[in-house]
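Novice: Sequence order for the protein chains is A and B. Taking our numbering, the leading residue of the first sequence gets -2, the next gets one more, and so forth. Taking our numbering, the leading residue of the second sequence gets 71, the next gets one more, and so forth.
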Amino acid sequence: MIRRRSTTALGFALGVAAAAAGGATQAEAQTYAIQGGTVHTLAGDSFVGTVVIQGGRIVAVGPDVEPPAGAEIVDAAGKHVYPGMFDAVSGLGLTEIGAVDVTNDAREQGDFNPHLQAATAVHPATEHIPVARANGIAITMAAPQGGSGAIVGQASLIGLDGWTVEEMGIDPGAAMVVNYPSLGGGRGRFGRRGAPPGGWRQRQEQYEEAVARLDEWFDAARRYDQAMKNGAEMRRDLKNEALAKVVNREMPVLLSANGERDVRNAVEWAQRQNIHFAITGAQGAWKIADWLAENDVGVIMSPTQSMPSGPDESYDEAYAAPGKLHAAGVKVAFATFNSSASRTLPYEAAQAVPYGLPHDAALEAVTKNAAEMLGLDDRIGTIEEGKIANIMITDGDPLEIQTQVTDLFILGRGVSLDNKHKSLYEKYRSRPGRRVVSE
Amino acid sequence: MIPRLRPTQLLPRAALTVALAVATLAPPSLNAQPRPTRPEDVRLFAITDARIVTVSGMVIENGTVVVDDGVIRAVGAGVEPPAGAWVIDGSGKTVYPGLFDALTTLGHGSEPAARGGFGFGGGGGNPPDPSSHSWGPEDRPGTSTWLTAADDIEADDDRFESWRNAGFTTVVSTRHEGLVPGQAAVLNLGSFNRPREMVVATPVAMRVNLQDRSRTFTGYPGSPMGVFAYLKQLYYDAKHYDDAWAAYEADPRGKRRPEWDMALEPVRLQFDEGWPALFPATSRSDVGRAIETTREMGVQPVVYGAHGTYAAADLLEDAGISALVDLDWPAPPTDGDPDALPSLDQLRLFDRAPTTPAALAEAGVPFAFYTGGLDQPSQALAAVRRAVAQGLSEDDAVRALTLSPAEIFGVADRLGSVEEGKIANLVVASGSLLDEDARIETVFVDGEMFEAEAADAEADSEDGDAGGDEDAGPRRGRGARGGPGARDAGPDPAAPPVPMSANKGPYRDDPVTLIQGGTVLTASHGTMENTDILVRDGKIAEIGTGLEAPGNATVVDATGKFVTPGIIDAHSHMAALSINEGTVNISSMVTIEDVIRPEDIGMYRALAGGVTTINILHGSANPVGGGNAVIKLRWGADAAGLRIGAHKGIKFALGENTKRDRNPDRYPATRMGVQDVIRQGFMDARDYMEEWEAYEAGGRQGVAPRRDLKLEALMEILNGERWVHSHSYRADEILQLLRLAEEFGFRVRTLQHVLEGYKVADEIAAHGAGASTFSDWWAYKVEAYDAIPHNAALMTERGVLVSINSDSGEEVRHLNQEAAKAMKWGGLDEEQALRLVTLNSAIQFGIDDRTGSIDEGKDADLAIWEGHPLSMFGKAVQTYVDGKLYFDIDMDRERQAAVEAEKDALVAKHLGDNR
């Protein structure tokens, strides 16, 4: 897997970058020392010790680290310190109320919008972000949505804190979302949901056309890029410019495919295109786990708590799939692909544990695995010196429902765990008894 | 289109006498019309030296049949051809009764193909035509009971001739449009240019459809559930109409004359004469629904379709129901995706449908064949041969084409066998009809002789494989991915049936089970460590430590495991054919009870999540929905065996789902209107109740009031027999419903979803309603924007009886986790949390006397977990319903392997190895 350049292409005023440059806000300048907790770095063995955060980064980690002078001491004694969780694909900031179209900014018209960036539309004041945060979700890839066969646009890597999206941003163009065209068959056209309409041959033709369209776009981007590099005088084309990063392997692709056949086809296509990618969805991927492992393909799984893909599949197909993939050597990550349900990310991972995914692998799958797949692991995913300080403190296993997140640091800032839900709870919990004036 | 009478090699030695014989012997037909184009016919025939399959009696190896003026004058070995008869040399030939196609639309247009699913949309698809939009049963949607297939026969329907050429002398013809398209008639396929002469008997049945394939109306009923309710109401109306007229006619003086109703008149006649309702049924559960529905309709059904009734022969036999079996055996569709396989249930239907006739014969169920979906009637005999290959005797096969349909339709006194005195409908074949190379040579209809013309070559090529399986190439996805050199083994659908694996039913059904040493979360009286549970005859017999295992006990070691009551889902939409009857704003006449779908694999999957009982609710499309069904997950049982006799309930709904835009517009569009609809409904129900009370008070004198299923259900709410379970979100609408219920003097039993219930928890508690909510769903619509995961805990804290439900086929599989979320958000303790998905739900549905907690005397509905059930890492390993083991995580693997092996064998047989 290649490493991406860690600078962003655009001059996106990142919180972290700004902090490093000294133009930090007050919160960013804060230095914290998290002390006394069991630190699960996910980069080695756990230990009881200290994590020091400064300027948005983790600057020291270890059992015997001394807090720097002036650091705010965070007492984590008896608690656990983990990397903040990474919801690898979500709609956070893009969708407020599912049923109300005008509150949705995830889906643009047209099938080929590689130049669009989710960050442009991320609503920093969405109620969903604080709700997700309260359960330890620290960062996410906010992703646009589109139809089958679409080059949807760029997913933006954001930290779930900031007054503006600039303060939240890590990388507005962190990955390109491409929905690989589906041949159907994953659920079977005999299944209740069925495959795309039309006969099999018609579907084959449509599929081949859709793949040809994708190839045309990618070829065009290559030609454009070559021409630009050769200094050709031509009008700037935003779409080609964006896709050029993909064909140059500077930007990874979140390549959506679900059924076994679609996943295989998507992988073969991506290899042919020589792009850097991870498969998202991947419902039927477990059936070709060994092949995926041989091909070093990582998968970002659709929700584990899902029904089996067909009426005769084993009841636990989706529960057991991550474990089977992991056992075969496939790197697995989880994502919610949702905004209101982002807080349930740890449960999607935990659901796979009693059905065969080792506990540690489940934890890695909600913290660092997607970062590694997408070449972001130089900045996020673990508690290591130099990484962006996304850290959560819990009173127990973060994969367990009853565990509470007690503190959360995002981009080095201690963030509030209050949200709409908590305030409504407190407000109505303190409602006095009924006050009805009797007749 | 003139019937042909041509000289052939069969034609007689005594041809010269023919003209005379006709002139002297033929009496004028009763309804004779001038027949300007028709030459005078021979009316006296003798078929000699033939093998005669009489069907009603013995086969006569070398006999003569005399046909005289349309009837069989004599049959026998020693019968001499009468003088003047046109003698046909039948040596080497076989004579059969004319074939009888038990269900067609001949003369009345072709029926459109079935759409996928039920195709209901209540306004979806074609733009609604206001004149054909139905707002309730009063609009008599898709009903034309007064039409009879004997009238308005389309003489130019060219199917008549092709049917006759295939040996069919008689058909039952029906109109097909709508839900109750009209009366069936028995037609002879003789001189079809003189349609009135074709009619043998009418009416012989009333046809019922469960789907309006021709889309004769939009609106109500818009779901299978609505169709059943409609059929019942129509027949209740007819019964009432019958009573009203009978009373009036007995003594009209001083009485108001009942209104004449053309839709109900024929049903009166049906009641009087007892002809059956032709009712579609493919599967065992369809048969169950046909039986239950027609029982309420007050008519006897004859089921048609019947492909899956190999599994329902016992039901049909018990209820004395006949079946019409469609000869168009189901087969995998053409143009198939090589990677998309039919489901096990579909494959089994492909495999077993041709075994249905043998199974029905074995069980003693009368059955007849019909050409159904076959492209050509000439394919019928090949299709029958497939049934014979699957175990049907040739005698039974011939009977199902001749005498059995005549018996089923009450015309066996005149049709169906080669017997003296019966109508002279005969088939002369070159050999045994069921031989592959047999040819139908001559057909007699009403004593008139027709030379059978061979069907065209194309149709003939279908012979030997009625389902058209020779066309299986594209079906297997030719041109699709297939390894080089892969050999095509080809399908072999005529091979013997593939043995069915036991994929349903309990894994074990032990009289006594001892579950030893588990940590028992009782849900009623705390958690008990290292505790034994003795289960006897489906009940929890004893709970304690160190219990002795009775000699006959199966001992289950639960050491290190956890035992909880079986989970109860208070809000489910699985295991039903349909969920919403949203065409009308009050659909209280419908009920999920009518459409329970015991085949839903979702039930087994819920068992694998420790669930034992679910409450299936109508959807939320209208302010007053339909009845619910509380069932136990006795996977493999029929609908009747799933029901547990819980208190009747009904779904109400408030808010966004009820008031959104519809086409055509449907009142209400605001929460004001929602409230108004409900209030008006109850006002009507009050009037209705008073009407009935007056009738009862008057000693039930005179004609009873008209039974109205819609108002009856609302009346049951008012008198406490039916509980309201209302979908609700916003605090204000919740409050308004509570107040409205108080106005009418009843208590809302549960508020469903009730996502803002925490805002009015005191009011809910004071009213006495239960609340059933989600754990943490929110923001999917505006009214869910203030939902909080603390809702369950907060309402509990304020004294509301709270449950957590799934409303989802997936969520139901981990309701234990959903309950645990109320510990995280709001701090309920372990038992409070567990009760949210067990005891509290049981109380809400009035079944807590038998399930919902682990207490002696209750049903042994239990789940055993590896890992704590209120942890993410808890996993159900065994689930018991009534003490029977319905889920076992190890035995599940064996069952799954057996299912996969069976599927592989079915796929190889029906699609070939190289799909």
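Note that CB positions come from ideal geometry on N, CA and C, so glycine has one too. The structure displayed is predicted, hence computed values, not measured ones.
#1: What residues in the segment 847 to 860 of chain B have a beta carbon less than 7 Å from any beta carbon of chain A?
#2: Flag glutamate 901 of chain B as yes if its beta-carbon sits less than 8 Å from any beta-carbon of chain A, otherwise no.
#3: Judging by CA-CA distance, which residue of A/Val128, A/Thr47, A/Thr117 and A/Leu157 is the nearest neighbour of asparagine 141 of chain A?
#4: For histidine 310 of chain B, name the three-state secondary structure that DSSP assigns.
#5: Please say whether glycine 689 of chain B and glutamate 803 of chain B have beta carbons closer to each other than 8 Å?
#6: Can you give me, in chain order, the residues of the segment 940 to 954 of chain B that have a beta carbon less than 8 Å from any beta carbon in chain A?
#7: For asparagine 685 of chain B and serine 642 of chain B, which I take to be in contact (beta-carbon distance under 8 Å), what is that distance rounded to the nearest angstrom?
#8: In chain A, which residues lie less than 9 Å from methionine 893 of chain B when you measure between Cβ atoms?
#9: Compare the C-beta of tyrosine 674 of chain B with all C-beta atoms of chain A and state if any pair is closer than 8 Å.
#10: With DSSP collapsed to three states, give me the class of leucine 430 of chain B.
#11: So, is the C-beta of glycine 195 of chain B closer than 8 Å to a C-beta in chain A?
#12: Within this structure, are the beta carbons of valine 694 of chain B and isoleucine 748 of chain B separated by less than 8 Å?
#13: Which class does glycine 156 of chain A belong to by DSSP, given the choice of helix, strand or coil?
#14: Would you mind telling me which residues of chain A sit closer than 7 Å to tyrosine 828 of chain B, beta carbon to beta carbon, in chain order?
#15: Does the Cβ-Cβ distance between valine 141 of chain B and isoleucine 493 of chain B come in under 8 Å?
#16: Identify each residue in the segment 69 to 96 of chain A for which the Cβ-Cβ distance to at least one residue of chain B is less than 8 Å, and report them in chain order.
#17: I need the straight-line Cα distance from proline 620 of chain B to valine 582 of chain B, nearest angstrom please.
#18: Give the secondary structure of glycine 719 of chain B by DSSP, where H, G and I count as helix, E and B as strand, and everything else as coil.
#19: Measuring alpha carbon to alpha carbon, tell me which residue in B/Ala450, B/Asp409, B/Ser798 and B/Asp465 is nearest glutamate 506 of chain B.
#20: So if DSSP puts arginine 410 of chain A in a beta bridge, which residue, or which two residues, is it bridged to?
#21: Where does glycine 156 of chain A land, buried or exposed, given buried means 16+ other C-beta within 10 angstroms?
#22: Considering leucine 955 of chain B, what are the terminal residues of the beta strand (DSSP E) in which it resides?
#23: Report all residues from its chain with a CB closer than 6 Å to the CB of tyrosine 374 of chain B; omit the five preceding and five following residues, and keep chain order.
#24: Under 7 Å Cβ-Cβ, which residues of chain A neighbour lysine 973 of chain B?
#25: Check valine 633 of chain B in the structure and name its three-state DSSP category.
#26: Nearest CA to the CA of arginine 883 of chain B: which residue from B/Leu703, B/Arg777, B/Phe752 and B/Ala433?
#27: In the DSSP assignment, what are the bridge partners of isoleucine 585 of chain B?
#28: Would leucine 940 of chain B pass as a contact of alanine 971 of chain B if the rule is Cβ separation under 8 Å?
#29: Run through chain B and tell me which residues come within less than 9 Å of serine 303 of chain A, C-beta to C-beta.
#30: Assign glutamine 750 of chain B to buried or exposed, taking buried as 16 or more other Cβ atoms, counted over all protein chains shown, within 10 Å of its Cβ.
#31: By Cβ distance, which residues of its chain are closer than 6 Å to threonine 949 of chain B, with the 5 residues on each side in sequence left out?
#32: Just reading off the alpha helix (DSSP H) that methionine 759 of chain B is part of, what are its end residues?
#33: Rounded to a whole number of angstroms, what is the C-alpha to C-alpha distance between valine 435 of chain B and methionine 759 of chain B?
#34: Can you confirm whether valine 350 of chain A, when its beta carbon is compared against all beta carbons of chain B, has any partner nearer than 8 Å?
#35: Can you give me the Cβ contacts of alanine 324 of chain A inside the same chain, cut-off strictly under 8 Å, excluding the 5 residues immediately before and after it?
#36: Report back the beta-carbon spacing between histidine 938 of chain B and phenylalanine 752 of chain B to the nearest angstrom; my notes put them in contact at under 8 Å.
Specialist: The short version:
#1: Trp848, Ala849, Tyr850, Lys851, Val852, Tyr855, Asp856, Ile858, Pro859 and His860
#2: no
#3: A small correction: the amino acid at residue 141 of chain A is proline; asparagine does not occupy that position in the sequence shown. Closest option to proline 141 of chain A, Cα to Cα, is A/Thr117.
#4: Three-state result, histidine 310 of chain B: helix.
#5: no
#6: Leu940, Ser941, Met942, Phe943, Gly944 and Lys945
#7: 6 Å
#8: Ile398 and Gln399
#9: So yes, tyrosine 674 of chain B belongs to the interface.
#10: helix
#11: Because glycine 195 of chain B carries a pLDDT of 48, less than 50, the predicted location of this residue cannot be relied on, and no value is offered for it.
#12: The answer is yes: Cβ separation under 8 Å.
#13: The answer is strand: DSSP assigns glycine 156 of chain A an E or B state.
#14: Tyr425
#15: In this structure, isoleucine 493 of chain B lies closer than 8 Å to valine 141 of chain B by Cβ.
#16: Glu93, Ile94, Gly95 and Ala96
#17: 8 Å
#18: strand
#19: B/Ala450
#20: A/Ile407
#21: buried
#22: 954 to 958
#23: Leu173, Leu348, Pro350 and Leu394
#24: Asp309
#25: strand
#26: B/Leu703
#27: B/Ile603 and B/Val626
#28: Not closer than 8 Å, so no.
#29: Glu880
#30: exposed
#31: Closer than 6 Å at Cβ, skipping near neighbours: Leu677, Gly680, Ala933, Tyr956 and Phe957.
#32: 741 to 767
#33: 43 Å
#34: yes
#35: Ala286 and Gly353
#36: Actually they are not in contact, since the Cβ atoms of histidine 938 of chain B and phenylalanine 752 of chain B sit about 46 Å apart, beyond 8 Å.
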